[in-house]
Amino acid sequence: MTQQATTAIQQAANGGQVATQRKPVDILKSIMNAESVQEQFKNALGKNSETFVASVIDLYNGDSNLQLCNPKQVVMEAFKAATLHLPINKALGYAFIIPFKNSKKDEKGNWIKVYEPTFQMGYKGYIQLAMRTGQYRTINADVVYDGELRKVNKLTGEIAFDGERKSDKVIGYFCYFELMNGFSKTLYMTVEQMANHAKRYSKAITSDKDVTVEKLLNLANLPVSPDSNKVGWMGNFHGMAQKTVIRNLLSKYGYLSVEMQNAITNDYEGDETSQREILTDNYANKQLIDAEDVSFESVSSEKQMETIDPGY
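Here numbering that gives the first Met the number 0 is used: position 278 in the sequence shown is 277, and no number is missing along the way.
What follows is the structure in structure tokens.
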């Protein structure tokens, strides 16, 4: 977020402090309707700014948990999605603003719970940003069912998913991409690796003793519904798993435009805060990249060894 946008939002929020009894949604509306804030959203979105602003108000108005957050902070998180040109409608699955209960110390040094919004990418958002670069010939991510994984060659990295599906049991997740210059890469993670990954790196889960690896594995047995408007590991395990393989693969081997780098940075920012508890029945994914013990496939040729512009 630019300093100019931050200043505009802060000034709009400060201007409404006299009306302390107003409802949170009314405060948010006043911030969004401020001329300086409107200008920042127009700079980011052009003619689509009004539609996006309306969607932010609808999201906030329809989420009682999000209304526990500071309206100014909600607008700032929404602006992150705006700069990436990604909608925040939960049903679309491109980006989300998720309310957390964050533990912080007050002025007297006592720990208190503060409700804070956090911007997070959806797996569809990463695919959308990758497509915009024009550098990806193919990008795909999906679940792997029992029987479909035929071969994993640890030496060469070759992974084959052309086996015959035996049941509806999900055994893992993959992401594959091929760049326009021919370079291709595959990442595969088993359900067990994914559950351990989530428990280790998602702070909301790590801090919750009731959420065990075994409980996460049980979620992997639920029907696959990656388009669910639920968020987080506890609400949509399969969707979060697909997001994880996409982000891990792109972060390590993909062509990253400046826009994609900003998306990854924004997606990780929430990990730097203190211990969190999610407000809803779901948990949000805030893990680091841990791809050392998972399977990669790299198909190399003379053409693929060409230098890839990192997108700076």
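Backbone N, C-alpha and C define an ideal beta-carbon position, used for all residues, glycine too.
The Cβ atoms of Leu58 and Ala262 lie no closer than 8 angstroms to each other. DSSP lists Ile138 and Lys184 as the beta-bridge partner residues of Phe176. Spatial neighbours of Ala159 in its own chain (CB-CB distance under 6 angstroms, excluding positions within 5 residues in sequence) are listed in chain order as Arg149 and Lys150. In this structure the stretch 96–106 does not touch the stretch 135–142; the number of beta carbon pairs closer than 8 angstroms is below three. CA-CA distance, Ile87 to Ala80, rounds to 7 angstroms. With a cutoff of 8 angstroms on beta-carbon distance, Glu115 and Gln72 are scored as near each other. Contact annotation, Leu216 with Glu191: C-beta distance approximately 7 angstroms; criterion of less than 8 angstroms satisfied. In the structure shown, Gly171 falls within a strand segment according to DSSP collapsed to helix, strand and coil. Under the DSSP definition of a beta bridge, Ser102 partners with Lys112.
Restricting attention to Leu154, Gly181, Glu163 and Met130, the CA atom closest to the CA of Gly146 is found in Glu163.
Taking a contact to require three or more Cβ pairs closer than 8 angstroms, the stretch 192–200 and the stretch 227–246 qualify as touching. In the structure shown, Ala240 adopts helical secondary structure according to DSSP, grouped into three states. Distances from the CA of Thr1 to each of Met75, Lys153 and Ile204 were compared; the closest alpha carbon is that of Met75. In the structure shown, Ile87 adopts coil according to DSSP, grouped into three states.
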